[in-house]
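Accompanying notes for the structure given below.
There are 2 protein chains.
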Amino acid sequence: MTISITINLDNLHHHEEHLTSSAFLRDIVIGMSDGLTVPFALAAGLSGAVNSTGIIVIAGIAEICAGSIAMGLGGYLAGKTEQDHYNSELKREYYEVDHLRHRELEETKEFFANLGLSEELQQQATEEVAKDKDKWVEFMMKYELGLDQPDPKRATKSAFNIGASYVVGGLIPLSPYFFIKTPLAALEISVVVTLLCLFVFGFFKSKVTGVNPWWGALRVTLIGAMAAAAAFGVAKFFEAH
Amino acid sequence: MTISITINLDNLHHHEEHLTSSAFLRDIVIGMSDGLTVPFALAAGLSGAVNSTGIIVIAGIAEICAGSIAMGLGGYLAGKTEQDHYNSELKREYYEVDHLRHRELEETKEFFANLGLSEELQQQATEEVAKDKDKWVEFMMKYELGLDQPDPKRATKSAFNIGASYVVGGLIPLSPYFFIKTPLAALEISVVVTLLCLFVFGFFKSKVTGVNPWWGALRVTLIGAMAAAAAFGVAKFFEAH
Numbered sequence: 055m056t057i058s059i060t061i062n063l064d065n066l067h068h069h070e071e072h073l074t075s076s077a078f079l080r081d082i083v084i085g086m087s088d089g090l091t092v093p094f095a096l097a098a099g100l101s102g103a104v105n106s107t108g109i110i111v112i113a114g115i116a117e118i119c120a121g122s123i124a125m126g127l128g129g130y131l132a133g134k135t136e137q138d139h140y141n142s143e144l145k146r147e148y149y150e151v152d153h154l155r156h157r158e159l160e161e162t163k164e165f166f167a168n169l170g171l172s173e174e175l176q177q178q179a180t181e182e183v184a185k186d187k188d189k190w191v192e193f194m195m196k197y198e199l200g201l202d203q204p205d206p207k208r209a210t211k212s213a214f215n216i217g218a219s220y221v222v223g224g225l226i227p228l229s230p231y232f233f234i235k236t237p238l239a240a241l242e243i244s245v246v247v248t249l250l251c252l253f254v255f256g257f258f259k260s261k262v263t264g265v266n267p268w269w270g271a272l273r274v275t276l277i278g279a280m281a282a283a284a285a286f287g288v289a290k291f292f293e294a295h
Numbered sequence: 055m056t057i058s059i060t061i062n063l064d065n066l067h068h069h070e071e072h073l074t075s076s077a078f079l080r081d082i083v084i085g086m087s088d089g090l091t092v093p094f095a096l097a098a099g100l101s102g103a104v105n106s107t108g109i110i111v112i113a114g115i116a117e118i119c120a121g122s123i124a125m126g127l128g129g130y131l132a133g134k135t136e137q138d139h140y141n142s143e144l145k146r147e148y149y150e151v152d153h154l155r156h157r158e159l160e161e162t163k164e165f166f167a168n169l170g171l172s173e174e175l176q177q178q179a180t181e182e183v184a185k186d187k188d189k190w191v192e193f194m195m196k197y198e199l200g201l202d203q204p205d206p207k208r209a210t211k212s213a214f215n216i217g218a219s220y221v222v223g224g225l226i227p228l229s230p231y232f233f234i235k236t237p238l239a240a241l242e243i244s245v246v247v248t249l250l251c252l253f254v255f256g257f258f259k260s261k262v263t264g265v266n267p268w269w270g271a272l273r274v275t276l277i278g279a280m281a282a283a284a285a286f287g288v289a290k291f292f293e294a295h
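Sequences listed follow chains A and B, in order. For the first sequence, my numbering begins at 55 and goes up steadily by one. For the second sequence, my numbering begins at 55 and goes up steadily by one.
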């Protein structure tokens, strides 16, 4: 699943010291906190509707499998797509700089005008930027189109880390069902263990994204609890009808 | 689930004509194509492992419930978090402009230096940008920190659209199981209908993100098929053991 609300950590130089570890950490935390939420809610939902934990384990494993592939492979292909998109726009900018130079000069000037520079300075700055073609194209990619060069290795690694964390995260709420035969008894342990883990991961997730960690931890825990409660209620309703 | 690979549509002025409809369209397509994938794979996985469609319907409904809440509520809270983060950085920049003016001037100059402007022009441009405090802070937010002001209404609407589309998308692969009592017979129809829908939605999704729509459609269909096949295989394996 892909939500396109992103806090671009790489530009937050206030938090520069966190950067090298945070990309990896962020993938782990994203995959794991989502892995904790959905399989947890699914198992909780089924606990209200079936009499054997065997079927819950199978459904849980199938969901972890599906979710991690959708998330990991989806992320990988999204990364590839971003790369393709960047390359095609790059080609286009080189073409435009060569063949529509006048229009590109105007757009560059417009950028400086939007910064609030004076007419004279707009002209001078445009001339200087346009001197070196490669640098100019780079400038247009970044400030006209808002595109940063994506790192292809990063996307692959990121997809793998997120997918793997989803599996690990998903096995946590499911694990009690492996050992306990009564669904509702397994659910009790699953709820305690999972909400605890969600709180801890919500805490770290918030640290990575730079918001108040206690409030963030509460939010993540709340989402998990609400998803599980809703799944439980809806499954019970459908089972009764 | 949150994958942070984003193509920032709002900056692609090549595609300006699509913009007003595309934010809504994108939410629908994202929610629906993910809703199609995971419940589809879960139902497929269970079809290989159980004898009655009743349990598949309940598991599917529980998953749709969990997934749409995790995605919708998760997206909503991520939007709120982004808003909080923006506001706290904004406050910080105002503070820095007032109390660490010298450092901020240096950072502004550095920005122009990175564009390749001459020493003299760097100085002049910095002075002009720094004249108007509000515009200067806006400049720092955007180009130093890479943060655009988030639209709070947008996040709420977006979360709702994505969540609702997930429900609609999830009901498509599940619908054959409502009417057919044999899991594998229902699966056959589910596979045909869902892969067709995934192809259509992959096509539109790619149009929105600006990549080759046929290739994009194939990718989305492939992810769905692989997730379903993997879930089927793994569930069958666990059912046999």
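Backbone N, C-alpha and C define an ideal beta-carbon position, used for all residues, glycine too.
With a cut-off of 8 Å, does the C-beta of T236 of chain A fall near any C-beta of chain B? By this cut-off, T236 of chain A is not an interface position.
Please return the same chain residues whose Cβ sits closer than 8 Å to the Cβ of P204 of chain A, not counting the five positions on each side in sequence. Answer for P204 of chain A: G133, E136, Q137 and Y140, listed in chain order.
Please decide whether A281 of chain A counts as near chain B, where near means a Cβ-Cβ distance under 8 Å. Closer than 8 Å to some Cβ of chain B, the Cβ of A281 of chain A qualifies, so yes.
V221 of chain B and G114 of chain B - do their beta-carbons sit closer together than 8 Å? It is not a contact, given that the beta carbons lie outside the stated cut-off.
Can you look up S172 of chain A in the DSSP assignment and give me helix, strand or coil? Of the three classes helix, strand and coil, the one that applies to S172 of chain A here is coil, per DSSP.
Any chain B beta carbon closer than 8 Å to H139 of chain A: Flagged as an interface residue toward chain B: H139 of chain A, by a C-beta distance shorter than 8 Å.
Checking contacts by CB at 8 Å: is E293 of chain B closer than that to chain A? Yes - at least one Cβ of chain A is within 8 Å of the one on E293 of chain B.
Quick one: which residues of the segment 158 to 183 of chain B get their C-beta closer than 7 Å to a C-beta of chain A? List them in chain order. Closer than 7 Å at the C-beta level to chain A, one finds these residues of the segment 158 to 183 of chain B: L169, G170, L171, S172, L175, Q178, A179, E182 and V183.
C-alpha distance - T60 of chain B paired with A209 of chain B, whole-angstrom precision: With a pLDDT of 39 at T60 of chain B, under the threshold of 50, the modelled position of this residue cannot be trusted, and the question is left open.
To the nearest angstrom, how far is the alpha carbon of A120 of chain B from that of A279 of chain B? Roughly 22 Å between the two C-alpha positions.
Residue of B:F214, B:K211, B:T162 and B:G200 minimising C-alpha distance to W190 of chain B: Of the listed residues, the one whose Cα sits closest to W190 of chain B is B:T162.
Using only alpha-carbon positions, find the residue among B:E164, B:K196 and B:E158 that is nearest to T185 of chain B. It should be pointed out that residue 185 of chain B corresponds to Lys in this sequence rather than to Thr. K185 of chain B has its Cα closest to that of B:E158, out of B:E164, B:K196 and B:E158.
Measure the beta-carbon distance from A95 of chain A to A281 of chain A and round it to whole angstroms, keeping in mind my assumption that it falls under 8 Å. So it is a contact: roughly 4 Å between Cβ atoms.
Simplified DSSP state of D186 of chain A, which is helix, strand or coil: D186 of chain A falls in the coil class under three-state DSSP.
Quick one: which chain B residues come within Cβ less than 8 Å of F233 of chain A? Those do not exist, as F233 of chain A stays about 15 Å from chain B at its closest Cβ, beyond 8 Å.
Going along chain B, which residues have a C-beta under 7 Å from K189 of chain A? What K189 of chain A touches in chain B: G170.
Quick one: residues in its chain with C-beta nearer than 6 Å to the C-beta of A213 of chain A, no 5 flanking neighbours on either side, listed in chain order? The beta carbon of A213 of chain A is closer than 6 Å to those of G126, G129 and Y130 in its chain, skipping five residues each way along the sequence.
What separation, rounded to the nearest whole angstrom, lies between the Cα atoms of D152 of chain B and L252 of chain A? One C-alpha to the other measures close to 40 Å.
Under a Cβ-count criterion, where at least 16 other Cβ atoms within 10 Å of its own Cβ denotes burial, should L249 of chain A be classed as buried or exposed? Per the 10 Å Cβ criterion, buried.
Segment limits, alpha helix (DSSP H) that includes S142 of chain A: For S142 of chain A, the enclosing alpha helix (DSSP H) starts and ends at T107 to H153.
Leaving out five residues before and five after F257 of chain A in sequence, what residues of the same chain have Cβ atoms less than 6 Å from its Cβ? Closer than 6 Å at Cβ, skipping near neighbours: P267 and A271.
Cβ-Cβ separation, I84 of chain B to A289 of chain A (assumed contact under 8 Å), whole Å: Contact flag wrong, Cβ pair sits at about 25 Å.
From the beta carbon of I277 of chain A, is the nearest beta carbon of chain B less than 8 Å away? True, the Cβ-Cβ gap to chain B drops below 8 Å.
Just to confirm, is the Cβ distance from A97 of chain A to Y231 of chain A under 8 Å? Result yes, Cβ atoms of A97 of chain A and Y231 of chain A sit closer than 8 Å.
Pick helix, strand or coil for L201 of chain B, following the three-state DSSP scheme. Coil, per DSSP.
I want to verify the contact list: residues of chain B whose CB lies under 7 Å from the CB of R273 of chain A, in sequence order. Result: L131.
Check whether the Cβ of K163 of chain A lies closer than 7 Å to any heavy atom of the ligand ZN, and answer yes or no. Ligands displayed in this structure: none; no statement on the ligand ZN is therefore possible.
Which word fits R155 of chain B, buried or exposed, when buried means at least 16 other C-beta atoms lie within 10 angstroms of its C-beta? Sixteen is the threshold: since fewer than 16 other Cβ atoms of the shown chains lie within 10 Å of the Cβ of R155 of chain B, the residue is exposed.
Is the shortest distance between the beta-carbon of F193 of chain A and the beta-carbons of chain B less than 8 Å? Judged by the 8 Å Cβ criterion, F193 of chain A is in contact with chain B.
Quick one: is L238 of chain A buried, meaning 16 or more other Cβ sit within 10 Å of its Cβ, or exposed? That one is exposed.
How would you list, in chain order, the residues of chain B whose beta-carbon sits under 8 Å from the beta-carbon of V245 of chain A? Per Cβ cutoff of 8 Å: no residues; V245 of chain A is ~14 Å from chain B at best.
For S122 of chain A, which residues from the same chain have a beta carbon less than 6 Å from its beta carbon, with the 5 sequence-adjacent residues on both sides left out? Within the same chain, S122 of chain A has close Cβ partners G217, Y220 and V221.
With the cut-off set at 8 Å, would you say I109 of chain A and V104 of chain B are in Cβ contact? Going by C-beta atoms, I109 of chain A is nearer than 8 Å to V104 of chain B.
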